[in-house]
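Per the numbering used here, residue 3 is the first one in the sequence shown, and the count goes up by one each step.
For each residue, glycine too, the CB sits at the ideal point set by N, CA and C.
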Amino acid sequence: MRRYSRIAGTGSYLPPRRLTNADLAAELATKGVETSDEWIVERTGIRARHFAAPDVGSSDLALKACQRALEAAGLEASQIDLIIVATSTPDMVFPSTACILQHKLGNAGAAAFDVQAVCSGFVYALTVADAMIQTGAAQRALVVGAEVFSRLLDFTDRTTCVLFGDGAGAVVLEASDEPGILASDLHADGKHVGILCVPGHVSGGQVLGDPLLKMDGQAVFKLAVGVLEDAARATLAKAGKTDADIDWLIPHQANIRIMQSTARKLKLPLDKVVVTVDQHGNTSAASIPLALDSAVRAGQVKRGQHLMLEGVGGGFTWGAVFLRY
Ligand code: UT7
């Protein structure tokens, strides 16, 4: 009998400081940077985002999301034997945020490591955890997306600083005789490194290069709409399913226009797309598990339904996971 992995529980956490577009526009105006609620809503669908306090790291947001996911699954941290954190904003250069989180959860001994695939990080992490569970290398995993992207923003660059927010989402993935994750499809093309990056690095006790986010928004937009359709179709083909089998599309939450375009290409009505970008902004690796948990807790996503999770972002990376919830 095939061994699957299935989601046993979901959880998420947003830091309490919430800024509407008007709040952010007022703050930016004090720096001479001009933007408006109208522009942000029309071009992105974003209405608000959350920013973490300066002393709060990705592991702190991840901890709260994991506690909620464990509670939803009816499990204790001590029953977890694998922790994978997808993040581009780790607490430290090393050790991994997953190790820091493991200590905060109090389950010494569980394998713990980070995955770095920027906004595709959660689908990458979920695919790795699924493979480890299928082979028997792990029994129960916490798969987390956690970010403090506000730390990477250049608040004098209106083309990027209005887009991102902080937060964390997590799932407990456990071995099961029943599906579960049905198929996944991951890709990268490193020739596009320059269109979305934070080019700085640490060397000799200094930050060398620019440690703030740079993005060619239009180039990212064009690539994203193409690869998201391809990844969804490839994943469905591997699972032996079609567009019609998707109950919910849960895409990376970067821009409502990218999500609408993907839904159109997959012939899905917009009411089958989980949308949280309006309230969360782009939280990079955290956006998919945040959207999933919001939809589960709102009673939208129900047990037995089929979900298409899709990520796309810096690298350039992209991928999809199709699963029975
Ligand atoms: O998470 C990884 C994936 N990331 C993404 O998927 C992001 C993909 N890209 C996008 O979502 C969009 O390209 C953006 C939202 C970043 C930009 O939207 P756009 O429709 O491509 O706008 P644009 O860059 O073509 O800019 C249009 C105008 C420009 O003014 P001019 O040159 O036409 O006079 C910008 O200077 O809008 C201006 N602009 C702004 N105006 C007010 C750019 N940012 C702002 C702003 N407020 N915040």
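Sorting Cys101, Asp212 and Gly123 by C-alpha distance to the C-alpha of Leu155 places Asp212 at the top. Counting along the chain, Glu44 sits inside the alpha helix (DSSP H) bounded by residues Asp39 to Thr46. With a contact defined as Cβ atoms closer than 8 Å, His282 and Leu272 miss out at about 18 Å.
The Cβ-Cβ distance between Lys216 and Gly196 falls below 9 Å. Unbroken alpha helix (DSSP H) runs of no fewer than 4 residues, entirely contained in the stretch 217-296, are found at 219-241, 258-267 and 279-282, following chain order. By the CB criterion at 9 Å, Thr278 and Ser263 fall outside the cutoff. Met3 carries a coil assignment under DSSP once its states are collapsed to helix, strand and coil. In this structure Val209 is exposed. Its beta-carbon is surrounded by fewer than 16 other beta-carbon atoms within 10 angstroms. For the pair Val275 and Ala221, the Cα-to-Cα distance works out to about 24 Å.
Taking C-beta separations shorter than 6 Å and ignoring five residues to either side along the sequence, the partners of Ile82 in its chain run Asn109, Ala112, Arg142 and Leu144, following chain order.
Taking a cut-off of 8 Å for Cβ pairs, the stretch 111-127 and the stretch 75-90 touch, as three or more such pairs fall below it. With a cut-off of 8 Å, the C-beta of Gln220 is classified as near the ligand UT7, since at least one heavy atom of the ligand falls inside that distance. For Met134, no beta strand (DSSP E) encloses it; the enclosing alpha helix (DSSP H) starts and ends at Gly123 to Thr137. Shortest Cα-Cα distance from Ser205 to any of Ala172, Gly138, Arg235 and Val95 involves Val95. Taking a cut-off of 8 Å for Cβ pairs, the stretch 61-79 and the stretch 170-183 touch, as three or more such pairs fall below it. Put simply, the stretch 128-140 touches the stretch 177-191. At least three CB pairs are less than 8 Å apart. Cβ neighbours of Thr32 within its own chain (closer than 6 Å, five residues either side excluded): none. Relative to the ligand UT7, even the nearest heavy atom lies 8 Å or more away from the CB of Arg142. Between the beta-carbon of Phe166 and that of Asn284 there is about 5 Å, and that keeps the pair under the 8 Å contact cut. Annotation: the continuous beta strand (DSSP E) that includes Ile183 extends over Ile183 to Ala190.
Around the beta-carbon of Asp62, 16 or more other beta-carbon atoms lie within 10 Å, marking it buried. Taking C-beta atoms as the reference points, Ile260 and Leu230 count as a pair closer than 9 Å.
For Gln302, no beta strand (DSSP E) encloses it, and the DSSP letter there is neither H nor E. If you draw a straight line from the Cα of Val43 to the Cα of Met3, it comes to about 49 Å.
In this structure, DSSP gives Phe166 an extended state, which the three-state scheme calls strand.
Taking a 10 Å sphere around the C-beta of His52, we find 16 or more other C-beta atoms and assign the residue as buried. Within the same chain, Leu103, Lys106 and Leu107 come within 7 Å of Leu65 by CB-CB distance, once the 5 residues on both sides are set aside. Less than 9 Å divides the Cβ of Gly321 from the Cβ of His189.
Under the three-state reduction of DSSP, Asp116 is assigned to strand. Looking at Arg326, Ile258, Pro201 and Gln255, the one whose alpha-carbon comes closest to that of Gly317 is Pro201.
Between Ala119 and Ala287, the gap from beta carbon to beta carbon is short of 9 Å. From the listed residues Cys121, Ala239 and Leu30, the smallest Cα separation to Phe151 is found for Cys121. For Thr99, the enclosing alpha helix (DSSP H) begins and ends at Thr99 to Leu107.
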